[in-house]
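Note sheet for the following structure.
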Amino acid sequence: MNDETTPNAAAAPAEPPIHEPSNADAGESPTGSADAASGSHASGPHAPSAAHSHSGPLNLGAAEAGRVRLVLAAIVVPLVAATLIGLIVLWPGGGSLLGSRPFTADGASMESATITSLDTADCADTTGALAGVSNDSLLADAVCAEITSGDGAGLVMPVHVPAESLAAADAGDRLKVMYSPAALASGTPYVFVDYDRQVPVAALAVVYLVLVVAVAGRKGALSVLGLLLATGVLLGFMIPALLDLASPMWVTLVGASAMMLAAVYVAHGISVRTTTALLGTFAGVVITVLLSLWGVDAANLTGATEETALTLTAMVGGINLQALLTCGMVVAALGVLNDVTITQASAVWELHAANPALGRARLFTGGMRIGRDHIASTVYTLAFAYAGTALPLILAASLIDRSFADTLLSGEIAEEVVRTLVSSIGLVLAIPATTAIAAALCRTGESTTSARA
């Protein structure tokens, strides 16, 4: 629809100013309706500036609020019920494979150590004591480290570190090592397992939490809580259910639904805006699932291009790597999907708040003007995110002498290409879906007049 030919065009700026959320944000009711005091003071065609926030109170009359409540309840309540039923039906039994494989071999134990020197000459006394019983094969790549747990606590011993991990080692680094008496004949009974990263990762997490709360306040804290709940669904339901060989498609749909219900409503509250965004996200999830199922099958992607996937098939008999690939595509797209739908729903409500007289068609076209910017920015966001994750794989594939097309369509790279395209298509289609839902829930100019009368 052409804005210039629309009678209300002069009264409706295409991009209304966005104001900072006020303290009234927290007072929105489950349907987004405001009380008489907050909703009746706007006498002109434009809503007050307090309404220009992503979650501020909406100026809905009693009749309109009741209609919105019924519409949302008719859609969301069955969705919540279906999610709960799915969780119950697909919940893994007591015989889950989660944690069923031992980490160490018989007779071995996990210990901790701290690097004292990168030169094994600094612990020559220990290596000399082993000269008669070892062939020193593990000492070629080794460091000196003080053992800080177990029977050897306090000893400075050589610890074998693989060459690919040795480059990151520095004196003072804390290690997780495996004590294996069987390795003594090779030079040292202590073998590197991994770096102990608890302190730096915990420090980053604390900085992140402090900054989120400092900048975003209460909503930032609630967003982190929503993230934790969604992560709990992933770790507590989806992963055990997949290991239990439940249908990956249904696990993905039910898990994604539970994750979004928990994250969105906890972070943004129960309102018309967030429910609109949630419905748009569900639409994007369904589209992404269908596209990923078709894409994986049509492109003959196996999901068996990585060593970890092959290891998984050996440890879990009957697991479907193709279905897991589909599941991963959907989970990877959830965060960006929710981001654009929340923003898109807010954009439509902002347009409605700027001019409540706008009809649904005008709201949709105005919202899609903003949505096009979302689409333009997220197209390369997903592409760069996946390219960054798969950068070592891309570099390795580039070393092989073959055409660019063959490299791009090789199994390893094609998985990332299909993942990017599937997620992007689901994202692009979720924007008009969210815009249409938001526009349908907004009252028209005719209903505005009657509500205020």
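Position one of the sequence shown corresponds to residue 282 (this note's numbering), numbered consecutively onward. Beta carbons: idealized from backbone N, C-alpha and C, even for Gly. Keep in mind the model is a prediction, meaning the values are calculated, not measured.
- Judged by beta-carbon spacing, residue 506 lies beyond the 7 Å limit of residue 562, meaning their Cβ atoms are not closer than that value.
- Contiguous alpha helix (DSSP H) elements confined to the segment 525 to 567 occur at 529 to 549, taking only those with 4 or more residues.
- Under the three-state reduction of DSSP, residue 395 is assigned to strand.
- The Cβ-Cβ distance between residue 437 and residue 424 does not fall below 7 Å.
- Scanning its chain for C-beta atoms nearer than 7 Å, with the 5 sequence neighbours on each side dropped, one finds around residue 606 the residues 577, 582, 584, 696, in chain order.
- Residue 566 is not a Cβ neighbour of residue 527, given a cutoff of 7 Å.
- By the Cβ criterion, the segment 549 to 562 is not in contact with the segment 669 to 682, since fewer than three pairs of Cβ atoms, one from each stretch, lie closer than 8 Å.
- A Cβ-Cβ distance of about 16 Å is found for the pair residue 625 and residue 706, leaving them out of contact under the 8 Å criterion.
- Going by DSSP, residue 685 is part of the alpha helix (DSSP H) stretching over 685 to 689.
- The shortest C-alpha to C-alpha distance from residue 432 to any of 704, 555, 471 is the one to 471.
- Using a C-beta cut-off of 8 Å, the segment 454 to 462 makes contact with the segment 392 to 405, since at least three inter-stretch Cβ pairs fall below that distance.
- Per DSSP, residue 571 has no beta-bridge partner at all.
- Here residue 475 is bridged, per DSSP, to 457.
- In terms of Cα proximity to residue 476, the closest of 553, 517, 396, 693 is 396.
- Assigned with DSSP and collapsed to three states, residue 587 falls in coil, not helix or strand.
- Residue 592 sits exposed, since fewer than 16 C-beta atoms from the chains shown fall within 10 Å of its C-beta.
- DSSP places residue 504 within a helical segment (H, G or I) once states are collapsed to three.
- For residue 608, the enclosing alpha helix (DSSP H) begins and ends at 602 to 635.
- In this structure, the straight-line span from the alpha carbon of residue 589 to that of residue 597 is close to 12 Å.
- Counting along the chain, residue 463 sits inside no beta strand (DSSP E), nor does DSSP assign it H or E at all.
- Here the alpha carbon of residue 587 sits roughly 49 Å from the alpha carbon of residue 633.
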